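Notes follow once the structure below has been shown.
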């Protein structure tokens, strides 16, 4: 704050620069030029992958990859989709992502409700525990977690046949919930703190139970935060590579993001197919991002802003 | 800044009236509340914090994981001695993690802040610029790895094709194979994401910044650089801390991208990282649980520094009644 005070004192002798109000055009043009170049540089890897994926292997092996395409086709996408059996892996991703997002939101909302509406001594400790847990690198816990999952028996219908927590969708869903609820609890508790206490007090006077206050008053008011967090969580959990890789023994149970690395060696024999497979994997998140950009960015910054 | 004060006031406000409210809870309400907070907390503790502590404990053990828990041998700090003195991969991994962090702090993070500052100037097409630059953050690190493989491939990749270094011979460059080059090649790919991520976080911080402060500085004749370093940057201290923590944590968490570009077994000379060594210990044929836990313990201790400083910084304000 001292720095702020120094600036006016040091600069009072100078005349007021009029240009500040009406920006000089050349400066703006330079800025636009810089941003356009940056945006294009940032897009190059994508565009290159798209270009590669749309060319046939015959074309690229004859002319090289850095050449004008003789024809563009979706052949590689069809091949990647069918040969590698991608639909199966996409389904695995859905089986993991949808419940994980819903349960994470429910768990975080419950804890956030507790922390933000009641003043217990334990609240701060709880929030710190969740937030710190969320920031741990997953590799710190993987060795014991892996052994733990090998020791926990599950009925077959819950463990897709493995009989263990290891190799089961439930195991991966639960670790996502445990990890992500740290961030979401933090964000939701800040959000709930902005809801006036009079609302729940009025309900209390009318004899509403704690659960009704949570379910019928607080939760509906948190819709914007839920929308933002759900978008963010869907992308994060879908994009997870590590848990899907380590907690499943065989490739066939893995979600698409983790499976793609083993599919590479097996089915994707050339760059064109690899690019097509990678882009197919990215399509769901890219779609969600482009459609719900506002939700995504606000979810990301909800946590950051309130720190 | 206002947000934090608001939250603090709310906490204080809650303190005044809640002593009454708590007393009005019925027995059933208490059970419901207990379950609402108990189940998620239990899940979090059992799956995150218990393994963290077990990791510390097992770092003093020797166990191949094949026999039952009874076959665990306690060998004191032997794992750490092996790690620090014998292991050929530990120190390179630490070195690479440090390089990763320093690189992130020096290049993509300031660049992301710079981009955010430029995009905050209410210019046209800002939405297009943001969307384009932010795209890499949305795709998984695994997919990022594949996309960059098509760029770095020694025979067919974009870079070598442009440079003309794709013919085997003297000038042939293996960007991901050469152990002196591959870390830097991967860092460029990682920066592609990191700069964009920081940009969005900082942009959000700047949106909450009162523009009249900057205008006042400009009226007083401060240059743009002075206005940024002396007004905007100090005023955004909370977001600066978040950016720093995010940068450190991301450097320690780096895994997916490296694992993918390192190929089938997830490891390549020049690309060792602590996270990679730990994962390989699990995924590999011979699983040395004690040694893997010792690696995890080192990663934990390093990670706790930024995590704890962040947590205490964030919640310090709320602690004061």
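Protein chains in written order, with the working numbering: chain D, -19 to 287; chain R, 36 to 356.
Using N, Cα and C, we set each Cβ at its ideal position, and we do this for glycine too.
Since we're looking at a predicted model, the values are computed, not measured.
Note to self: My output table needs one value for residue 97/R: the three-state DSSP class, helix, strand or coil.
What the structure shows: Strand, per DSSP.
Check: Quick one, are the C-beta atoms of residue 135/R and residue 325/R less than 8 Å apart?
Finding: Result no, Cβ atoms of residue 135/R and residue 325/R do not sit closer than 8 Å.
Item checked: Endpoints, alpha helix (DSSP H) assigned at residue 228/R -> Here the alpha helix (DSSP H) through residue 228/R covers 217 to 242.
Checklist line | Per-residue burial, residue 288/D [other beta carbons within 10 Å of its own, 16 or more giving buried] | finding: No statement about residue 288/D is possible, as the shown extent of chain D runs from -19 to 287 and does not include it.
Checklist line | Separation of residue 215/D from residue 130/D, as counted between CA atoms | finding: Whole-angstrom Cα-Cα distance: 28 Å.
Check: Residues in its own chain within less than 6 Å of residue 115/R by CB, not counting five upstream and five downstream?
Finding: Counting only Cβ-Cβ distances below 6 Å, and skipping sequence neighbours, we find 329.
Next item on the list: Could you work out which residues of chain D lie near residue 84/R, taking near to mean beta carbons separated by less than 8 Å?
Entry: Correct list: 109, 113.
Notebook entry, point to check: DSSP on residue -13/D, reduced to helix/strand/coil?
Noted result: With a pLDDT of 34 at residue -13/D, under the threshold of 50, the modelled position of this residue cannot be trusted, and the question is left open.
Notebook entry, point to check: Between which two residues does the alpha helix (DSSP H) carrying residue 130/R extend?
Noted result: Its alpha helix (DSSP H) spans residues 125 to 141.
Notebook entry, point to check: Do residue 236/D and residue 66/D come within 8 Å of each other at the CB atom, strictly closer than that value?
Noted result: Cβ atoms of residue 66/D and residue 236/D: closer than 8 Å.
Next item on the list: Quick one: using the 10 Å Cβ neighbour count with 16 as the cut-off for buried, is residue 7/D buried or exposed?
Entry: It is exposed - the Cβ of residue 7/D has fewer than 16 other Cβ atoms within 10 Å.
Notebook entry, point to check: On the premise that residue 55/D lies in contact with residue 77/D, defined as a C-beta separation below 8 Å, what is that separation, rounded to the nearest angstrom?
Noted result: Not confirmed; about 29 Å, so no contact.
Note to self: So with CB distances below 7 Å, who are the chain R contacts of residue 190/D?
What the structure shows: In chain order: 60, 64, 67, 68.
Note to self: If you measure between the beta carbons of residue 112/R and residue 95/R, is that distance less than 8 Å?
What the structure shows: Yes, they are a contact pair.
Item checked: As assigned by DSSP and simplified to three states, the class of residue 57/R -> Confidence in residue 57/R is poor, its pLDDT being 46 and thus under 50, which makes the residue's placement unreliable; the coordinate value appears in the next sentence. Note: residue 57/R maps to helix in three-state DSSP.
Next item on the list: Look at the Cβ atom of residue 316/R, then the Cβ atom of residue 309/R, and state whether they are nearer than 8 Å.
Entry: No; because the gap between Cβ atoms is not below 8 Å, this pair is not in contact.
Note to self: If contacts are defined as beta-carbon pairs under 8 Å, then residue 22/D and residue 168/R qualify, I think. What distance do you get, rounded to the angstrom?
What the structure shows: 5 Å between Cβ atoms; contact.
Check: By the criterion of Cβ-Cβ separation under 7 Å, what are the contact partners of residue 277/D in chain R?
Finding: Chain R residues near residue 277/D: 235.
Check: Between the beta-carbon of residue 286/R and the beta-carbon of residue 139/R, is there less than 8 Å?
Finding: Remark: C-beta atoms of residue 286/R and residue 139/R approach each other more closely than 8 Å.
Notebook entry, point to check: Applying a beta-carbon distance threshold of less than 7 Å, which residues of chain D neighbour residue 288/R?
Noted result: Ordered by position in chain D, the residues that pass the 7 Å Cβ test against residue 288/R are 117.
Check: Would residue 121/R count as contacting chain D if we go by Cβ distances under 8 Å?
Finding: Chain D contact via Cβ: absent.
Notebook entry, point to check: Taking 8 Å as the CB-CB cut-off, is residue 182/R touching chain D?
Noted result: With 8 Å as the cut-off, residue 182/R counts as an interface residue toward chain D.
Notebook entry, point to check: Name the residues in the segment 118 to 133 of chain D whose C-beta lies less than 7 Å from a C-beta of chain R; which are they?
Noted result: Along the segment 118 to 133 of chain D, the positions whose C-beta sits under 7 Å from a C-beta of chain R are 119, 120, 121, 122, 123, 124, 125, 126, 127, 128, read in chain order.
Margin query: Please give the ranges of any alpha helix (DSSP H) in the segment 268 to 328 of chain R, keeping only runs that are unbroken, at least 4 residues long and fully inside the region.
Written below: Whole alpha helix (DSSP H) segments, 4+ residues: 272 to 288, 291 to 296, 309 to 318.
Item checked: Start-to-end residues for the alpha helix (DSSP H) that takes in residue 159/D -> Looking at the DSSP string, the run of the alpha helix (DSSP H) that includes residue 159/D is 149 to 173.
Checklist line | Local Cβ density within 10 Å of residue 347/R, reported as buried at 16 or more and exposed below that | finding: Note on residue 347/R: under 16 other CB atoms within 10 angstroms of its CB, so exposed under the neighbour-count rule.
Check: So what's residue 203/R in DSSP terms, helix, strand or just coil?
Finding: DSSP places residue 203/R in the coil class of the three-state scheme, outside both helix and strand.
Item checked: Coarse secondary structure for residue 133/D, derived from DSSP in three states -> The answer is strand: DSSP assigns residue 133/D an E or B state.
Check: Tell me the DSSP bridge mates of residue 165/R?
Finding: Partner(s): none; residue 165/R has no beta bridge.
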